[in-house]
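**Q** One structure, as structure tokens, below. Some questions next.
Following this line, the structure appears as structure tokens:
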């Protein structure tokens, strides 16, 4: 077992050492899919604990000997993001387990972030102050992510948490950060990053125009570019889904 703990939370070491044995028995499960997320109250802290799926054999080797686990990346990228002044929940620790020289499981622990809704909750729906929220989302992405050299490779709508503040202001925070690059984000690369949020053309146009305005670019050209990238992205995902369904039918 490898455990790395944020020095601020070193007092949690006994709890973290037992986490792999106790995970299924503690806290409240708020997400269960490929990965599992439990929220646990411990010594006055509300902890968000993400248990990553046990990887296939190739990644068992890679995570153990070459590139490190998703939990480790989540922790390290959270530290980098916060150091650069961006927003993601505070990292607490990561835990990696190996068996017979092969990677087995990993956990990423952060302070649980209280939020009101995500981008997913407003995309495709009637939602109060929606245009303003999308414009502020574009501004957050430009100022807190792209200008600081942060490229989220899975910038999907469920990974953007939103907290409502006073005077129609909103605070954004980003999660699911194990796939990131820290690199320069020129205008077109930054604009294309929004094609993952699976929004309507009208919604994408709002985001694109605001992002273009912040970059001193043509808003209508930006809207058309983003809509085209979005169409290609959706077509690619739909083709993969159709192929997967076809393969499953043949196996039946």
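Residue numbers (this note's numbering): 682 to 933. Beta carbons: idealized from backbone N, C-alpha and C, even for Gly. Since this is a predicted model, take the numbers as computed values, not measurements.
Expressed to the nearest angstrom, what Euclidean distance is found between the alpha-carbon atoms of residue 853 and residue 768?
**A** Each residue's alpha carbon lies about 7 Å from the other.
**Q** Closer than 8 Å is the cut-off here; do at least three beta carbon pairs connect the segment 775-786 with the segment 813-831?
**A** Contact fails: fewer than three Cβ-Cβ distances are below 8 Å.
**Q** So for residue 762, helix, strand or coil by DSSP?
**A** DSSP places residue 762 in helix when its eight states are reduced to three.
**Q** Across which residues does DSSP place residue 861 in a beta bridge pair?
**A** In the DSSP output, where bridge partners are listed per residue, residue 861 has 833.
**Q** Where does residue 888 sit, in a helix, a strand or coil, going by DSSP?
**A** Of the three classes helix, strand and coil, the one that applies to residue 888 here is helix, per DSSP.
**Q** Just the C-alpha distance for residue 922 and residue 848, rounded to the nearest angstrom, thanks.
**A** So the alpha carbons of these two residues sit roughly 42 Å apart.
**Q** What are the boundary residues of the alpha helix (DSSP H) that includes residue 694?
**A** First-last of the alpha helix (DSSP H) with residue 694: 694-698.
**Q** Is the beta carbon of residue 861 sitting closer than 8 Å to the one on residue 832?
**A** Yes, the pair counts as a contact, with Cβ atoms nearer than the cut-off.
**Q** In chain order, which continuous runs of the alpha helix (DSSP H) of length 4 or greater are located wholly inside the segment 791-861?
**A** Counting only runs of 4 or more, we get 800-803, 811-821.
**Q** Residue range of the alpha helix (DSSP H) that residue 868 falls in?
**A** 868-873 is the span of the alpha helix (DSSP H), which, as asked, contains residue 868.
**Q** Between which residues of its own chain and residue 735 is the CB-CB distance below 7 Å, once the five residues before and five after are set aside?
**A** So the list reads 785, 786, once near-sequence residues are dropped.
**Q** So, at 7 Å on beta carbons, what are the nonlocal neighbours of residue 789 in its own chain, with the 5 sequence-adjacent residues on each side left out?
**A** Only 731, 752, 755, 756, 775 meet the Cβ criterion.
**Q** Throw me the rounded Cβ distance for the residue 697 and residue 686 pair, which I believe falls under 8 Å.
**A** 6 Å between Cβ atoms; contact.
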